[in-house]
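Reading through the structure tokens given below for one structure.
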Amino acid sequence: MDPEEGADDELRRERRRRARIARIVVWSARIVGLLSIVSIFAPAARRRLEPAAWFGLPVEASLVGTVVLATAGVGLMLLATGLRRRKRRAWQLAVVLCVVIVASHALGRHPIPPLVVAVILLLGLLWARREFDAAPDPVGRLVALRVVLQLVLAGFVIVSAMLLFVRSSFLVGRPSVGEKLLHALLSLIGVEGPVEFRFEWYDDLTSAVGLTFGIGALVLGGYFLLRSSEPRPELTPDEVDGIRGLLEKHGKADSLGYFALRRDKSVVFSESGKAAVAYRVVAGVALASGDPLGDVEAWPGAIEAFVAVCRGHGWVPAVLGCSETGARVWSREAGLDALELGDEAVVDVATFSLQGRSMRTVRQAVSRIKRAGYETTVRRLRDVPPEELGQLAACVERWRGGPDERGFSMALSRVADAAADPEAVVVVAVHEGAPRGLLQFVPWGTEGLSLDLMIRDPAVTENGLNELLITDLLAACRGLGVDRVSLNFAVFRSALERGERIGAGPVARLWARLLRIASRWWQIETLYRFNARFGPTWVPRFLVFDAVRDLPRIAVAAFEAEGYGGRPPAMLRILRR
């Protein structure tokens, strides 16, 4: 056996071993947490904790003990996700909660099985401590502390106000200000305070408000404490040079390769430097796009380095829009699963023509827009005068109507930047001397182009502008030395197509119908229909992911990266403080 293959097999075995340990710990934590909650309702446990009686403590001490046990059980179940990603901070909190649970079970009249299982989990956590080495967010502790203090203070102030400014007829007797403040404080942990109420509904209301803020502080504090780091992505000049070097040698392999030069990406190279994976971290997901850069033979090294970075930070690895070859390599080298995401429309310049019945709609749209007085220019960015580049960039910003930008896997995030992208091609539609629409294409090797940006002036009312821009580009491709052009990506195209076939099953028709409904917001069907007009070859693209349970998180990250939603703005503001 080749020594390198033997080393790769050893790495895969080690990865599988660590994954098994994490799974065992995760399920053990869930079981212990559930048993701790269930044990509270066991008949023997209804007599509460014995230490309260031994030391003559008030009944509130027993209630606090029960609340602590329940909170520890719930907390341990919530920590399962962090343990699955082998986060060090999740391991530390799990050990603390296990100690609390073991002590509660040992001191109280609770069933023996939960105590035994909790002890086993505690010993297992201590034994496997080296497996939980994912680095935490360096600012997570401060953010968590600030959020907890803010929520606790807000809850305390609100409940205190509800007690201090309520009519005296709502209360039994005349409790002092100190008693009211103590009652407000205890309400945050679900314990009844010294204030008595004449109306049960007001008692329930104050308790519910306090407990809501208390639980919110616990949950949100835990979230921010355990969340994975989300570093600000930025390519260094050396990394940019490394990516450009790989694109010069192997750029024709993937139409999405050039988008690795986005300024909001990070990159990790293989040890040999012959391959790389560009990615961006969003919502705890390390989101790569397209195939790895560089030599196919060196892809395994880049994939291994990327997975190691993800494991070291507790990130979920995911790849948007890789090719079938890329999906196979990711599956073989990293053990990831693949799901067909859609199809890329690739037009062959040599065979494209506006003639024929199938091109009638495009031909008519182009003729109509030309009669309206629209003309186009097709140039490399290096051939466009600097003052015109500035004008085009200003037009794009104005047409967008705001800072929001859509696109990640097939978008470069900069426009008309001849210094950074001299080989990019810009197609401009002009009407009455003013730009009205623009397409920008990035290089796909030396003989291809990949669509980066399609935008038009919102004031344009005529149909056919995009058809004119694309057909004029295709007509100019021979002069540019281009033989293939990648257009938009059509998500779930094959599902839409299958649902339209005669004899399609009910599941296929239902899925296609749901996609059409979703198209009202995300243009799924619209992009498919538009791309199909140009008679492209459909090239399947895949989503690569680690586990099915990660798909919701990956979907949120992908939507946010592509500019279609994601996490609420309020949460993003908190995270970026």
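Mind the numbering: the sequence shown is residues 8 to 584 in the working numbering, read in order.
Yeah, the Cβ is synthetic: ideal placement off N, Cα and C, and Gly gets one too.
In this text, all values refer to a predicted model and were calculated from it rather than measured experimentally.
Check your understanding: Can you check whether the CB of Leu388 is closer than 9 Å to the CB of Met417?
Key -> Against the sequence shown, residue 417 aligns to sequence position 410. Against the sequence shown, residue 388 aligns to sequence position 381. With respect to Leu388, Met417 sits apart: the two C-beta atoms are not nearer than 9 Å.
Check your understanding: Is there contact between the stretch 327-342 and the stretch 293-306, where contact requires at least three CB pairs shorter than 8 Å?
Key -> Yes: the two stretches touch, three or more of their Cβ pairs being nearer than 8 Å.
Review point. The alpha helix (DSSP H) spanning Pro393 covers which residue range?
Key: As a working note, residue 393 is residue 386 in the sequence shown. Looking at the DSSP string, the run of the alpha helix (DSSP H) that includes Pro393 is Pro393 to Arg407.
Practice item. Please report the Cβ distance between Arg463 and Gly444, rounded to the nearest whole angstrom; I am assuming they are in contact, meaning their Cβ atoms lie under 8 Å. Key: The residue given as residue 463 occupies position 456 in the sequence shown. The residue given as residue 444 occupies position 437 in the sequence shown. Between Gly444 and Arg463 the Cβ distance is about 4 Å, and since that is below 8 Å, they are a contact.
Practice item. Quick one: grab the DSSP three-state call for Ile462. Key: Looking up residue 462 in the sequence shown gives position 455. DSSP places Ile462 in strand when its eight states are reduced to three.
Practice item. Report, in whole angstroms, the separation of the C-beta atoms of Phe4 and Phe177, which I expect to be a contact under 8 Å. Key: In the structure as shown, the chain begins at 8 and stops at 584. Residue 4 is therefore absent and cannot be evaluated.
Check your understanding: Is Ile477 buried or exposed, if buried means 16 or more other CB atoms sit within 10 Å of its CB?
Key -> What you label residue 477 is simply residue 470 of the sequence shown in a count that begins at 1. Flag for Ile477 reads buried.
Practice item. Note down the Cα distance separating Ala515 from Pro429, rounded to an integer number of angstroms. Key: Within the sequence shown, the letter at position 508 stands for residue 515. Within the sequence shown, the letter at position 422 stands for residue 429. When rounded, the distance between both Cα atoms is 45 Å.
Practice item. Please say whether Val275 and Ala283 have beta carbons closer to each other than 9 Å? Key: Stepping through the sequence shown from its first residue, residue 283 is reached at position 276. Stepping through the sequence shown from its first residue, residue 275 is reached at position 268. For the 9 Å CB-CB criterion, Ala283 and Val275 form a contact.
Review point. Which residue spans inside the stretch 289-369 form an unbroken beta strand (DSSP E) run of at least 3?
Key: Complete beta strand (DSSP E) runs here, min 3: 292-296, 323-329 and 344-355.
Practice item. Leaving aside the five residues before and after Glu186 along the sequence, list all residues of the same chain whose C-beta is less than 7 Å from its C-beta, in chain order. Key: The residue given as residue 186 occupies position 179 in the sequence shown. Taking Glu186 as the centre and dropping the five residues before and after it, the same chain places the C-beta of Pro201 and Val202 closer than 7 Å to its C-beta, in chain order.
Exercise for review: Buried or exposed for Ile250, please, with buried defined as at least 16 other CB atoms from any protein chain shown within 10 angstroms of its CB.
Suggested key: Counting from 1 along the sequence shown, the entry for residue 250 is found at position 243. Per the 10 Å Cβ criterion, buried.
Review point. Would you say the stretch 375-395 touches the stretch 478-494, given that touching needs at least three Cβ pairs under 8 Å?
Key: The stretch 375-395, when compared against the stretch 478-494, does touch it at the 8 Å Cβ threshold.
Check your understanding: Shortest alpha-carbon distance to Asp210 belongs to which of Val226, Val103, Val166 and Asp248?
Key -> Along the sequence shown, read from residue 1 onward, the residue named residue 210 stands at position 203. Considering only alpha carbons, the answer is Val166.
Exercise for review: Could you tell me which residues DSSP puts in a beta bridge with Phe552?
Suggested key: Position 545 of the sequence shown, counted from the start, is the residue given in the question as residue 552. Residue pairing of Phe552 in beta bridges, as defined by DSSP: Ala325 and Asp344.
Check your understanding: Identify the residues that DSSP records as bridge partners of Tyr286: which are they?
Key -> Here residue 286 is taken as the residue at index 279 of the sequence shown, counted from 1. Among the bridge pairs identified by DSSP, Tyr286 is matched with Ser273 and Ala295.
Check your understanding: Nearest to Thr544 by alpha carbon, out of Tyr535, Phe552 and Leu550?
Key -> For this step, residue 544 is matched to residue 537 along the sequence shown. Residue Tyr535 is the option with its Cα nearest to Thr544.
Check your understanding: Which whole-angstrom value is the C-beta distance of Glu567 and Val289, which I expect to be below 8 Å?
Key -> Numbered from 1 along the sequence shown, position 560 holds the residue referred to as residue 567. Numbered from 1 along the sequence shown, position 282 holds the residue referred to as residue 289. About 5 Å separates the beta carbons of Glu567 and Val289, which is inside the 8 Å limit, making them a contact pair.
Point to revise | Pick from Gly291, Ile108, Pro244 and Leu263 that is closest to Leu558, judged by C-alpha positions | key: The count along the sequence shown starts at 1 and reaches residue 558 at position 551. Comparing Cα-Cα distances from Leu558 to each of Gly291, Ile108, Pro244 and Leu263, the minimum goes to Gly291.
Check your understanding: Helix, strand or coil for Pro182 per DSSP?
Key -> Here the question's residue 182 lines up with position 175 in the sequence shown. Reduced to three states, the DSSP call for Pro182 is coil.
Review point. Apart from the five residues just before and just after Ser420, which ones in its own chain have a Cβ nearer than 8 Å to its Cβ?
Key: In the sequence shown, residue 420 corresponds to position 413, counting from 1. Hits under 8 Å: Arg269, Arg270, Asp271, Glu412 and Gly414.
Check your understanding: Ala151 to Gly229, Cα distance in whole Å?
Key -> Reading the sequence shown from its first residue, position 144 is the one you call residue 151. Reading the sequence shown from its first residue, position 222 is the one you call residue 229. About 7 Å.
Review point. On the three-state DSSP scale, how would you describe Arg574?
Key: Start at 1 with the first residue of the sequence shown, and residue 574 comes out as number 567. Residue state, collapsed to three classes: coil.
Practice item. Evaluate contact between the stretch 515-535 and the stretch 309-324, counting only Cβ atoms and requiring at least three cross-stretch pairs below 8 Å. Key: With a cut-off of 8 Å, the stretch 309-324 and the stretch 515-535 do not count as touching, because too few Cβ pairs lie within range.
**Study point:** Other residues of its chain near Leu212: CB distance less than 8 Å, five sequence neighbours each side excluded
**Key:** Residue 212 sits at position 205 when you count from the first residue of the sequence shown. For Leu212, where only same-chain residues beyond five positions count, the Cβ hits under 8 Å are Met169.
Exercise for review: Assuming Val591 contacts Gln447 (C-beta within less than 8 Å), just tell me the rounded distance between them.
Suggested key: For the chain, the structure presents residues 8 to 584; residue 591 sits outside this window and is missing.
**Study point:** Helix, strand or coil at Thr544 [DSSP, three-state]
**Key:** Position 537 of the sequence shown holds residue 544. In this structure, Thr544 counts as strand in the three-state DSSP scheme.
Practice item. Give the straight-line distance between the Cα atoms of Glu648 and Asp390, rounded to the nearest whole angstrom. Key: Since the first and last residues shown for the chain are 8 and 584, residue 648 lies out of range.
Check your understanding: How would you call Ala161, buried or exposed, if buried means at least 16 neighbouring beta carbons within 10 angstroms?
Key -> Sequence index remark: in the sequence shown, residue 161 carries index 154 (1-based). Counting Cβ neighbours within 10 Å, Ala161 comes out exposed, since fewer than 16 surround it.
Check your understanding: Should Val102 be flagged as near chain C, meaning a C-beta pair shorter than 9 Å?
Key -> No chain C appears in this structure, which consists of one protein chain only.
Check your understanding: Just reading off the beta strand (DSSP E) that Gln157 is part of, what are its end residues?
Key -> For this step, residue 157 is matched to residue 150 along the sequence shown. For Gln157, there is no enclosing beta strand (DSSP E); the residue is part of the alpha helix (DSSP H) that begins and ends at Gly147 to Leu171.
Review point. In angstroms, rounded to a whole number, what distance separates the CA positions of Glu395 and Val467?
Key: Counted from its first residue, the sequence shown places residue 395 at position 388. Counted from its first residue, the sequence shown places residue 467 at position 460. Here the C-alpha atom of Glu395 lies approximately 21 Å from the C-alpha atom of Val467.
Review point. Between the C-alpha atoms of Ser214 and Val155, what's the straight-line distance to the nearest angstrom?
Key: Residue 214 sits at position 207 when you count from the first residue of the sequence shown. Residue 155 sits at position 148 when you count from the first residue of the sequence shown. Taking C-alpha positions only, Ser214 is separated from Val155 by approximately 19 Å.
Point to revise | In chain order, each alpha helix (DSSP H) run of at least 4 residues that lies wholly inside the stretch 86-115 | key: Complete alpha helix (DSSP H) runs here, min 4: 87-91 and 95-114.
Point to revise | Cutoff 8 Å; reference Gln398; Cβ partners in own chain excluding five residues on either side | key: Position 391 of the sequence shown holds residue 398. Within the same chain, Cβ atoms closer than 8 Å to the Cβ of Gln398 are found at Pro442, the five residues on either side in sequence being excluded.
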